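Step one of this worksheet: look at the structure below.
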Amino acid sequence: MIEVVLERCAGIDVGKRYVVACLLTGSSTESPRVEKRQYEATVGELEHLRQWLVEERCTHVVVESTGSYWKPVFNVLEASVTVVLANPVHVRNLRGHKTDRKDSEWLAHLLRHGLIRPSFIPPPAIRELRSLTRQRRDLIAAGARERNRVQKLLEEGNVKLGNVLSDVFGVSGQRMLEALLEGKATAAEIAALAQRKARQKIPQLQAALEGHRLTPTLRFLIAQDLRHMEFLELEIAALDDQIAEKLKPYSRQMELLESLPGVDRVTAAAVLAEIGVDMSRFPTAAHLASWAGLCPGNRESAGVQKSGHIRKGNTTLRATLNQCAWAAAHTTGTQLKARYEHLLPKRGKRRAIVAISHHMLLLIHFMLTENVHYSDPGWKPKLTRRYLTRRAYYHIRCLRRLAARLPSTDNLQNTA
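Per the numbering used here, the sequence shown starts with residue 6, numbered consecutively.
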């Protein structure tokens, strides 16, 4: 029989319009008393739910992390009882028992017997910072979509600026787009608006602009997208001010994170918003890496350890760390760069970057726990005979793989 851990607890099945609560009370030596109630998901009704739980001396409540529907319940109950946030994958009910009332009772029984692993919920200040950084990331993605849409509309109008300019939205590109939208200047006049190095490409720019088919409709759509891009830039600047204000109490932690190669102020704020500053919530660095989804799962059968893919984890944190890992892999003379170069021929680019992200997260956990800066030991290859021999064999293998992909000389002669 599974040991009873809590004598007074409740499970809540949350929805958009109403919630169902199941309260279990009773000693560990007897069957619990079961009482179920349903409330609307309004603040007033949730206050009645809180009063009922307090009157029944309920100590712990479990809620599934279903979209954002759990947040109103958490906001009301947080100050009165211990709220446990459960991953829906870990507390799935048996097949054929999927109703709101049965789900709430199932959650309550799991909590009563200590079978639920609580999810990480940062404190309110970190939650607000997380909302700001995630909103900033969404606006950056929206701006990228607008840029792609403008590129598509230019291609539709036979304007090939993207084939000549490295950045259509740079200084030269912006001036040319404005002239194109006015529709009065010739291709030569528009190409003459190029600045600095782009002036070396004036003949190519003129060829890319001649004979374009920008209709009034295309001009209207491009102008609309450009205005939206300007609006997004203003909103991102406003978000940056809010994020800077929220980061003032964490200047020391930001300083520590920025000492790591590949981490700038924007990515440091994003990492801090996801993991917080209190590393005691994660007993070890390995627990943090597992929560982030940067370590492989356990796959063992019949005593054989099989290769396991990384888990989903915190996708926002993982994407941010991958971005930092790419930047660290392009630094010079750092240990992270050397680690990437070591893993690259064995694992490939993507797996090597995930490994660097995992290593950086372990370093971040140690830095925040011990309150120390990152001190890069640097790396210089020792030109020993063994090292040079291994590098020579590596390049020979690369040449053989390349030769296997090329067509044979006989085929080339026959083709000629």
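All C-beta atoms in this analysis are idealised placements derived from N, C-alpha and C, irrespective of residue type, glycine included. Computed from a predicted structure; not experimentally measured.
{"Query": "Residue range of the alpha helix (DSSP H) that includes I17", "Result": "No alpha helix (DSSP H) holds I17; the beta strand (DSSP E) holding it covers 13-19."}
{"Query": "Whole-angstrom distance between R122 and C27, CA atom to CA atom", "Result": "19 Å"}
{"Query": "DSSP beta-bridge partners of V89", "Result": "V67"}
{"Query": "Alpha-carbon to alpha-carbon, R132 and G16", "Result": "24 Å"}
{"Query": "Beta-carbon gap between L219 and G162 smaller than 8 Å", "Result": "yes"}
{"Query": "Backbone secondary structure at A26 - three-state DSSP", "Result": "strand"}
{"Query": "Three-state secondary structure assigned by DSSP to Q140", "Result": "helix"}
{"Query": "Meets three-Cβ-pair contact criterion under 8 Å: the stretch 145-158 and the stretch 37-51", "Result": "no"}
{"Query": "Inter-residue CB distance, G267 and L367 (contact presumed, cutoff 8 Å)", "Result": "No, G267 and L367 are not in contact; Cβ-Cβ is about 14 Å, not under 8 Å."}
{"Query": "Option in R204, G188, A190 with minimal Cα separation from S171", "Result": "R204"}
{"Query": "CA nearest to the CA of L214, picked from E45, L186, S70", "Result": "L186"}
{"Query": "Cβ-based burial, G383 [other Cβ within 10 Å; buried from 16]", "Result": "exposed"}
{"Query": "Best match in K354, H370, R355, E260 for proximity to W296 [C-alpha to C-alpha]", "Result": "H370"}
{"Query": "8 Å contact criterion, which H217 and V169 should meet: CB distance rounded", "Result": "Not confirmed; about 13 Å, so no contact."}
{"Query": "Distance between beta carbons of L349 and A357, contact taken as under 8 Å", "Result": "5 Å"}
{"Query": "Cβ contact (3+ pairs, closer than 8 Å) linking the stretch 95-106 and the stretch 54-66", "Result": "no"}
{"Query": "Neighbour flag for A197 against chain B, beta carbons, 8 Å", "Result": "In the structure shown, chain B cannot be found, because there is only a single protein chain."}
{"Query": "A330 vs S362 beta-carbon contact at 8 Å", "Result": "yes"}
{"Query": "Boundaries (first-last residue) of the beta strand (DSSP E) holding Q43", "Result": "38-45"}
{"Query": "I7, DSSP secondary structure in three states", "Result": "coil"}
{"Query": "Touch test, the stretch 137-156 against the stretch 237-246, Cβ-Cβ under 8 Å, three pairs minimum", "Result": "yes"}
{"Query": "Close beta carbons around L265, own chain, < 6 Å, minus the five adjacent residues each side", "Result": "Y379"}
{"Query": "Cβ-based neighbour list, L231, same chain, cut-off 6 Å, excluding 5 preceding and 5 following", "Result": "none"}
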